[in-house]
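With mature numbering (1 follows the signal peptide of the UniProt record, and there is no 0) as the guide, the letters of the sequence shown map in order to residues -22 to -1, 1 to 929. Worksheet for the structure shown next.
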Amino acid sequence: MNNFKLLLSSLFVLFTCSAALGQGATIVGIVNDGNYPLPGASVMLSGTTKGVNTDFDGNFVLSNVKKGEVTLEISYIGFETKRVSINTNVKKNVGVITLVSSNQNLEEVIITSSGRRNSEARALSIQKKSMSIMNVIAADGIGKLPDRNAAETVQRIQGLSIERDQGEGRFVSVRGLPPFWASTTINGNRIPTAEEETTSRATAFDFFPSDLISYVQAAKAYTPDMEADGIGGGVNFITQTAPAKRVLNVNVGGGYNEKSGAPIYNASLTYGNRSKDGKFGFIVNGSYWNRNWGTDNFEARRKGDEGVFRMELRDYNGVRITKGLNGAMEYNFTPEHKMHFRGVYGTLSDTETHYKHRVRFDKFDSGTNTARVELQNIYNELITEMIGGEIGGRHITGNGKFDWSIANYNNEFRYGGIPTEQDKSYYVVKFKQDGVGMKPEYIQNRPEAAGGAGDDRAYWKADGGLLDYNDTDALFGFFSDPSFKMDASQMSFADLELYKISIIERDNIVASLNYEHTFNNNFKIKVGTKFRDKDRRAKFEDVYYGWDEANAGTTPNLSDYSKNIIEQPGRTDFLNEMGSNIQSTFGPVLSEQGMVNFWKNNKNNLSVLEGDSEILQNGGGLGRNFNVDETHLSFYGMGILKLSDQFTVLGGLRATKTETEVNGYVWDADQSQLNAVRNVKDYWAVLPMLHVKYSPKTDLNIRFAATRSFSRPNFGDIAPGGTFISFDNEFKGGNPNLNPTFSWNFDLLGEYYFKNVGVINAGIFYKSITDPVFNDTYQGTYNGNTGVEFSTPVNGADAWIGGIELGINKRFDFLPGFLQYFGTQLNATFMDSEMTKPSGRKVSIAYQANTLFNAQLFFEKGGFNTRLAYNHKGSYAIGFGERDIDDIYYGKYNTLDFSASYQIGKNWTIFTDVNNLLNNPLIYHYGKTEDRPKQVEFYGIKGSIGVKYNL
């Protein structure tokens, strides 16, 4: 409440200041390309150095203009300069100014009938004119590659990378730093987070279709009018807005996923128009993407450097459906006053069938040379759903400009109704087969004298703990009988698991107000405030059920459900990339309906295994059952001073107060009692920022920035207690005493813009970081489970990261003949970092990759467009132990994608896309090399063909 009163007071001050500032002659107008606005267009008074740039909506306000006849010169990258005369005594609104492309070659490489034409030129103009160090891509660039969701669109941007789930982009990382150290926003507003396994502040953007995006801004250095709660930087997804005239775009396609052996469907529709008087405009666009997917995976569960105690063979198949809807409207009451509304909706439904075979070396019997094999039948639906909207306005008052907005966003994760609507969960039915013969040479007993648990424990020797996943005979050659196959008549029911998660995060109100005042051609100020009230509600329980023999009789075997068992889907090509024959050991499995029937028919025959379950009543799941209430209140002020035609300086300060209240639970082991606990923390983040822009030539910028930014601790990291995740054999703890992380950031960048739409740049950056957060890991025992990987977030000592960024986007128009229609986009980022653990061990910053690289080769002529795009992300550590061998790494990852399109006539285009041509595996590994893999998985190749209609 106090923060809200402070916000109201600040609004009053801003309006008072506005009234006190002087009025002057003002010219207003809009610059577009005939369909869409041209942001960043230069509007100059002819014969003077006085001018402004258009905003994202193409609007400009030119203040303190002399009375009488004046001429405006409007220029833009890739467009002809236009001159417009106006008498300020008679008219101050020049209306809509439409620019045309500057040369025939540009017309040949851009699809002229598209409502998004010239968007690449618009993106580069925004980047060039901005006072912030940023990269911008537009709808045209997004649509030229097979990037289907918002996260995948940014992997092509210099210094940005993504984390994947089942082969699709999910989390966004800036300059190789953790995703939760990046600020990801839609239309300038942070999006609430809700995701199955993470409790971080990083938003999973796999639910948001790329078809809804107009621009992506990747800010590497903040200005005070940006929310600076991201040490790496910020990524802002800007949705489409009302066009200057009627547009209609239809996109329909279909394809095939090689790994799942099943089809893919996608469709999108965009329609927008504007009233005859130009005052009212709207746009509606929707997207639908239905794809079958498959993943083959093996995971080696380890206990330090002792070897593998459990091998998991995972075969995934599923159907993902992404739906998105964007609506925007605006009304211009007068040229000086307009209001807008934006609404967005995105959802991802992922129905997944997963058969997991677990070879239990830790159940080895040295007397019989046998061990256990388990089958987990897993069936679930994961649903992420986000909805939000904002209403706002822009008002010009003399030499000043107000803009304001009030927004609300909700994000929810939940499971679908499997096995029933009342018991919806991540649903697992497990069977086990004992007495399976093993080659004794694969097993090494660990007696107590050697630090093991005695003869009852066994470990897979496997070449001293190393695994060559290219040698499948050695990797999977542990069965003593080469013809072994799991036998349904020998597989007895082990347990049933209902893993339940529900997360709702709401930004109940996000209110912002900004005021900009231009004193003269060389100086203007901008001040503003922003308030956010948010809450997060998280519920979790992991309940295990066993067969109640006392009341239900003998424990059944899998063969007792013969009407519900099938051959495992996708079994025959499991891990075929590795030339493996391990799939021949897979026996029958429960069908999807069979899994549902098992619960419905046997629910009364089961009893809760309280010792295995993670439920609050027994002190389990503490780190996942908590509520957060949080407010953010920010104030900022900045000035932009033009020292000369070449030098411009921006300086200012942003101050943000965060108040966080976490309500959770702790377990009193002595009293066997669950106690509620409340933790409250508030702090100010004071963030000075300085930007210097030197433009010795029209197309050359040299930029320097010194800024301060911060990142709030993740929600789960500040929750009390911890949670044991049985299927990952991990215990994740919380730390309510975590401090926010702060960083001083220094950037130096040079960029040169080519006349015919392109840019070359080079830069260096350095960050000095205080209180970095990382996961401290070790292995131990929890509730009778050995080899459990414990992780606890802690603040490290000071850290640093530095790097070099290089990039070029250039068409080969300087070459003769046919070669002039080729072009390339290349960018690379090279980084290094260091932080010190409390133990004194020096390590890199968690999640920081040393290398990022993109390479595109394209050909564009007339209506034909084809691109081949390569993406590389280097390996990085996600958790640290006390030795290199205990560190967990996300391995290097390379992808190659292809797209082609051909325009037929004025309105029709046919296209084809192919993803993941290399089909390289994603590998998690222990230590810096891949010879101790923790997880290896393949996604397969997928492709589609389709047709587009653009009016």
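A virtual CB, placed ideally from N, CA and C, is assigned to each residue, including glycine.
| Asked | Found |
| --- | --- |
| Local Cβ density within 10 Å of Y387, reported as buried at 16 or more and exposed below that | buried |
| 3 or more residues per run - each beta strand (DSSP E) lying fully within the stretch 691 to 749 | 700 to 703, 708 to 711, 719 to 732, 736 to 748 |
| Distance cut-off 7 Å: A182 Cβ against heavy atoms of the ligand MG | With respect to small molecules bound, the structure shown includes none, and the ligand MG cannot be examined in it. |
| Cβ-Cβ distance between Y523 and L587 below 8 Å | yes |
| Cut-off 7 Å between Cβ atoms - residues of its own chain near Y447, not counting five sequence neighbours on either side | L453, M556, P911, V914 |
| Three-state secondary structure assigned by DSSP to T676 | coil |
| Whether N270 touches N235 by CB criterion (8 Å) | yes |
| Rounded separation between I863 and S746 - CA only | 27 Å |
| D526 and S585 closer than 8 Å at C-beta | yes |
| Chain-order list of residues whose beta-carbon lies under 6 Å from that of K508 (same chain, five-residue window excluded) | S490, S612 |
| Simplified DSSP assignment, three categories, for N362 | Checking the sequence, you will find Thr at residue 362 rather than Asn. Here T362 sits in strand by DSSP. |
| Coarse secondary structure for K45, derived from DSSP in three states | coil |
| The stretch 815 to 831 contacting the stretch 119 to 131, beta-carbon criterion three pairs below 8 Å | no |
| Of the listed residues I191, D791, L619, K620, nearest to R320 (C-alpha basis) | I191 |
| Own chain partners of T638 with C-beta closer than 6 Å, once the 5 adjacent residues on each side are dropped | E608, K659 |
| Backbone CA spacing between G335 and D875 [nearest angstrom] | Inspection of the sequence shows that residue 335 is occupied by His rather than by Gly. Straight-line Cα distance between these residues: approximately 32 Å. |
| Uninterrupted alpha helix (DSSP H) stretches inside the stretch 453 to 519 (no shorter than 4 residues) | none |
| 7 Å CB neighbourhood of L445 in its chain, flanking five on each side removed | A278, L453, D909, R910, P911 |
| DSSP state of M307 mapped onto helix, strand, coil | strand |
| Endpoints, alpha helix (DSSP H) assigned at N580 | 570 to 580 |
| Beta-carbon separation (whole angstroms), S327 vs K410, contact threshold 8 Å | S327 to K410, Cβ: 32 Å. No contact. |
| At least 3 beta-carbon pairs within less than 8 Å: the stretch 15 to 27 vs the stretch 176 to 183 | no |
| Cβ shell of Q136 (< 7 Å), same chain only, five flanking positions each side left out | N113, E783, G785, N805, T807 |
| Buried or exposed (CB count within 10 angstroms, at least 16 for buried), Q354 | buried |
| Whole-angstrom distance between T300 and I696, CA atom to CA atom | 32 Å |
| Neighbourhood of S622 by C-beta distance below 7 Å, restricted to the same chain and skipping five residues each side | none |
| Given I164 as reference, the closest of S246, V194, P157 once Cα atoms are compared | V194 |
| Any 3 or more C-beta pairs closer than 8 Å across the stretch 474 to 492 and the stretch 395 to 410 | yes |
| Within 8 Å, strictly: CB atoms of V72 and L50 | yes |
| Cβ neighbours of H373 in the same chain (closer than 6 Å, five flanking residues each side left out) | H315, F380 |
| Assigned secondary structure, D189 (DSSP; H/G/I helix, E/B strand, else coil) | helix |
| Sub-8 Å separation of T802 and L846 beta-carbons | no |
| Length of the line joining the Cα atoms of D754 and F709 | 12 Å |
| Contact under 8 Å by Cβ, F339 with T362 | no |
| Assigned exposure category for T634 - 16 Cβ within 10 Å defines buried | buried |
| Cutoff 7 Å; reference P714; Cβ partners in own chain excluding five residues on either side | V640, N657, I696, P698 |
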